Amino acid sequence: MPDTFATRRKRAQGWLVPFFLVLSFMAYLSFKISLPLIKPLAWATLLSFSAYPFYKLVRMRLLGGRAKNLSALLTTALIVVLLALPAVFGGYVAAREGLRLYGTIADTLATLDSKTGESILAALLPDVIMKELTPWMQEYPIIGDLLNQTGRWIGTTAIATSKAIVESTFTIAYSMIIIIMTSFFLLRDGHLIVNYLMDITPLPPEEKKAFLSQAKEVLQAVLYGVILTASLQGFLGGIGWWYVGLPSPVFFGALMMILAMIPFVGTPVVWGIGGIYLLLSGQMVAGITLLLWGVLVVSMIDNFVRPVFISGGTKVHTLITFIGVLGGLAAWGFIGLFLGPVVISLFMFLLESYRTLWKSSLSKQQATTTAQPPPT
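Here the sequence shown is numbered in the working numbering, starting from -9 and rising by one per residue.
Set out below in C-alpha cells:
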C-alpha cells in the first residue's frame, strides 16, 4: 500500500493528540512552579528592558561586540546601583515612616473613649476646624455621627495601608536576588528568548513584527511616559512635603507617585490636602508654599516631561491607562501599575490584528468566488 499523503496525515493525527495532552500537562506543571516567582520575574523583565540600550552600548561600542557576559554583568551592576539600591532604601524609609504613622494612629484610636462621645476627628483635625464643626455636630447629631464614622474609617484605612507596606518589606531581599539574577540572563540571552517566542507565535510574519514593535513601543510609553514622570512627581512632591515640615515625606512622596499614575486623581489628592491642612492650622506661609509648589512644579511636570519621554512613540490611551493601572494594582499589586496598561494595550493590538486578518481572509474568499466562472 503506497504511503500517500492521507496515510501520513492519519499517522500525524494519531500522535498529535497525545503529544498535546502531555505538552499541556507539562505546561501546567511549569506554570505552577513559576507562579510564586511571577512578580520578581516581571520586575526583572521591566528592568532589563529599560536597561537594554545601555547593554547594547557597552557591548557594541566599548567591547566591540564581544564579551556578552561582561556586558550583561556591568549592566546588571548598573541596575543594582541606580535602581535596586535606591528602591530598597526608599522602601525601607517609607516602611519605617509608615510604621511610625501606623503606631501613631493606633495609639490615637486606642485613647478614644466612645462611651463619652469623644470624636476621633478631634485627634486628627486642627482645633480651628473642630471649633467650626462642634456646633454643627451638637445641633445635628447625624452630622456628628457621620463625621465620626468618616474619621474612624480614615484612621483604620491608614493603619491597614501602613501595616501592608511594613509587611511587604520582608520579601524585598528574597525578591531582589531573583530580580538581579534574572536580569543578567535576560540581558545576555533576551534576544534569543524573543526570537523563540516569535517563532512559536501563530501569526503571519508581518503581524509578528508588528506585534513585537507594538509591545516595545507600549513598554517604552508606559515606562518612560508614565512611570518616570510619576516617579519625578512623587520625588518633587515629597521634597515639598518635607520642606514645609509635614511628617513622613518619603511615605507621602511614594503615595504621590502611585496616585500620579491614576488618571483624574493625581498628586493633588496628597499635596492639596496637606496645603489645606496647613492653612486651617494657621500655618499660612507653609500652606501657600506647598500649594504653589504643587501647582507650579509638581503638576506641571506632567505637561512638560511626559512628552519628552514618549515623543514619537505610541501614546497610551487614557482609558487604557486608567483601567490598566487600577485593575493591574488590584490583580497583581504594585507591579500591576506597570504591567496593567501593557497587557491591555497588547490585547487591543491582538484584537485589531484578528480583525485585520479576518477582513483580509474574507476579501480573498470573495475575490476567489468572483473570479470563478459561472457554471454552465
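Glycine residues also receive a C-beta, built at the ideal position from the N, C-alpha and C atoms. Note that the coordinates shown come from a computational prediction; the quantities given were computed from them, not determined experimentally.
- Could you spell out where the alpha helix (DSSP H) holding residue 203 opens and where it closes? Here residue 203 refers to the residue found at position 213 of the sequence shown. Start and end: 195 to 210.
- Candidates 39, 286, 324 and 19, of which the one nearest residue 252 by Cα: Residue 252 sits at position 262 when you count from the first residue of the sequence shown. Ranking 39, 286, 324 and 19 by Cα distance to residue 252 puts 324 first.
- Is residue 326 helix, strand or coil when you go by DSSP? As a working mapping, residue 326 is identified with position 336 in the sequence shown. Residue state, collapsed to three classes: helix.
- Task: Look at the Cβ atom of residue 284, then the Cβ atom of residue 261, and state whether they are nearer than 8 Å.
- Result: Within the sequence shown, numbered from 1, the residue matching residue 284 stands at position 294. Within the sequence shown, numbered from 1, the residue matching residue 261 stands at position 271. Their beta carbons are under 8 Å apart, which means residue 284 touches residue 261 by this criterion.
- Query: Of all the options 339, 257 and 210, which has the alpha carbon lying nearest to the alpha carbon of residue 201?
  - Reply: By one-based count along the sequence shown, residue 201 stands at place 211. Among 339, 257 and 210, the Cα nearest to that of residue 201 belongs to 339.
- Query: Can you give the Cα-Cα distance for residue 318 and residue 311, rounded to whole angstroms?
  - Reply: The sequence position of residue 318 within the sequence shown is 328, counting from 1. The sequence position of residue 311 within the sequence shown is 321, counting from 1. Near 10 Å, if we compare the C-alpha coordinates of residue 311 and residue 318.
- Query: What is the rounded straight-line gap between the Cα of residue 280 and the Cα of residue 289?
  - Reply: As a first step, residue 280 is located in the sequence shown; it is residue number 290 there, counting from the start. As a first step, residue 289 is located in the sequence shown; it is residue number 299 there, counting from the start. If you take the alpha carbons of residue 280 and residue 289, they lie about 12 Å apart.
- Are the Cβ atoms of residue 245 and residue 45 separated by less than 8 Å? As a first step, residue 245 is located in the sequence shown; it is residue number 255 there, counting from the start. As a first step, residue 45 is located in the sequence shown; it is residue number 55 there, counting from the start. Their beta carbons are not under 8 Å apart, which means residue 245 does not touch residue 45 by this criterion.
- Do we get a CB-CB distance below 8 Å when we pair residue 314 with the residues of chain B? Included in the structure is just one protein chain, with no chain B present.
- Message: Does residue 104 pass the burial test, meaning 16 or more other C-beta atoms within 10 Å, or should it be called exposed?
- Response: On the sequence shown, residue 104 is found 114 positions in, with the first residue counted as 1. With a pLDDT of only 48 at residue 104, under 50, the local geometry of the prediction cannot be trusted, and no value is derived from it.
- Three-state class that DSSP yields for residue 235 in the structure shown: What you label residue 235 is simply residue 245 of the sequence shown in a count that begins at 1. Here residue 235 sits in coil by DSSP.
- Residues near residue 106 in its chain [Cβ-Cβ closer than 8 Å; skip 5 each side]: Reading the sequence shown from its first residue, position 116 is the one you call residue 106. The predicted position of residue 106 is uncertain, since its pLDDT is 41 and thus under 50; no value can be drawn from it.
- Compute the beta-carbon to beta-carbon distance between residue 327 and residue 168, rounded to the nearest angstrom, for a pair I have assumed lies under 8 Å. Counted from its first residue, the sequence shown places residue 327 at position 337. Counted from its first residue, the sequence shown places residue 168 at position 178. Not really, about 19 Å apart at Cβ, beyond 8 Å.
- Message: Rounding to the nearest angstrom, what Cα-Cα distance links residue 238 and residue 14 in this structure?
- Response: For the purposes of this step, residue 238 is taken as residue 248 along the sequence shown, with counting starting at 1. For the purposes of this step, residue 14 is taken as residue 24 along the sequence shown, with counting starting at 1. Roughly 50 Å separates the two Cα atoms.
- Query: How long is the line joining the alpha carbons of residue 247 and residue 217, rounded to whole angstroms?
  - Reply: Taking the sequence shown and counting its residues from 1, the one referred to as residue 247 is at position 257. Taking the sequence shown and counting its residues from 1, the one referred to as residue 217 is at position 227. Taking the straight line joining both Cα atoms gives about 8 Å.
- Task: Kindly indicate the opening and closing residues of the alpha helix (DSSP H) around residue 274.
- Result: Looking up residue 274 in the sequence shown gives position 284. Residue 274 -> alpha helix (DSSP H) spans 274 to 283.
- Exposure of residue 241, with buried meaning 16 or more beta-carbon neighbours within 10 Å: Locating residue 241 in the sequence shown gives position 251, counting from the first residue. With 16 or more Cβ atoms within 10 Å of its Cβ, residue 241 is classed as buried.
- Can you tell me the Cα-Cα spacing of residue 351 and residue 226, whole angstroms? For the purposes of this step, residue 351 is taken as the residue at position 361 of the sequence shown. For the purposes of this step, residue 226 is taken as the residue at position 236 of the sequence shown. Taking the straight line from one Cα to the other gives about 53 Å.
- Message: On a Cα-Cα basis, can you pick out the residue from 73, 207, 236 and 220 that is closest to residue 333?
- Response: The residue labelled residue 333 in the question sits at position 343 within the sequence shown. Comparing Cα positions, the closest option is 207.
- Task: Within the same chain, show all residues whose beta-carbon is closer than 6 Å to that of residue 315, passing over the 5 residues directly before and after it, in chain order.
- Result: In the sequence shown, the residue the question calls residue 315 occupies position 325. Excluding residues within five positions, the ones whose Cβ falls inside 6 Å are 251, 252, 327 and 330.
- Cβ pair residue 257, residue 223 closer than 8 Å: As a working mapping, residue 257 is identified with position 267 in the sequence shown. As a working mapping, residue 223 is identified with position 233 in the sequence shown. Yes, they are a contact pair.
- Query: By the 10 Å Cβ neighbour count, where 16 or more other Cβ atoms means buried, how is residue 335 classified, buried or exposed?
  - Reply: Taking the first residue of the sequence shown as 1, we reach residue 335 at position 345. Answer is buried; the Cβ neighbour count reaches 16.
- Task: Consult DSSP for residue 103 and reduce its assignment to one of helix, strand or coil.
- Result: Here residue 103 refers to the residue found at position 113 of the sequence shown. The predicted model places residue 103 with a pLDDT of 46, which falls under 50 and marks its position as unreliable; any figure quoted below should be read in that light. Here residue 103 sits in coil by DSSP.
- Task: Would you identify the three-state DSSP class for residue 187, choosing helix, strand or coil?
- Result: Residue numbering aside, residue 187 sits at position 197 when the sequence shown is read from its first letter. In the structure shown, residue 187 sits in a helix (DSSP, three-state: H, G or I).
- Run through DSSP, which three-state label would residue 251 get? Start at 1 with the first residue of the sequence shown, and residue 251 comes out as number 261. Correct three-state label for residue 251: coil.
- Message: Can you tell me whether residue 57 is helix, strand or coil according to DSSP?
- Response: Counting from one through the sequence shown, the residue named residue 57 turns up at place 67. In the structure shown, residue 57 sits in coil (DSSP, three-state: anything other than H, G, I, E or B).
- Same chain, Cβ closer than 7 Å to residue 66, five either side skipped, listed in chain order: Reading the sequence shown from its first residue, position 76 is the one you call residue 66. Around residue 66: 170, 173, 174 and 177.
- residue 348 - DSSP class collapsed to helix/strand/coil: For the purposes of this step, residue 348 is taken as the residue at position 358 of the sequence shown. In the structure shown, residue 348 sits in a helix (DSSP, three-state: H, G or I).
- Query: Under 8 Å, do residue 259 and residue 268 count as touching if we go by C-beta distance?
  - Reply: On the sequence shown, position 269 is the one that residue 259 refers to. On the sequence shown, position 278 is the one that residue 268 refers to. Result no, Cβ atoms of residue 259 and residue 268 do not sit closer than 8 Å.
- Helix, strand or coil: how does DSSP classify residue 216 here? Translated into the one-based positions of the sequence shown, residue 216 becomes position 226. Residue state, collapsed to three classes: helix.
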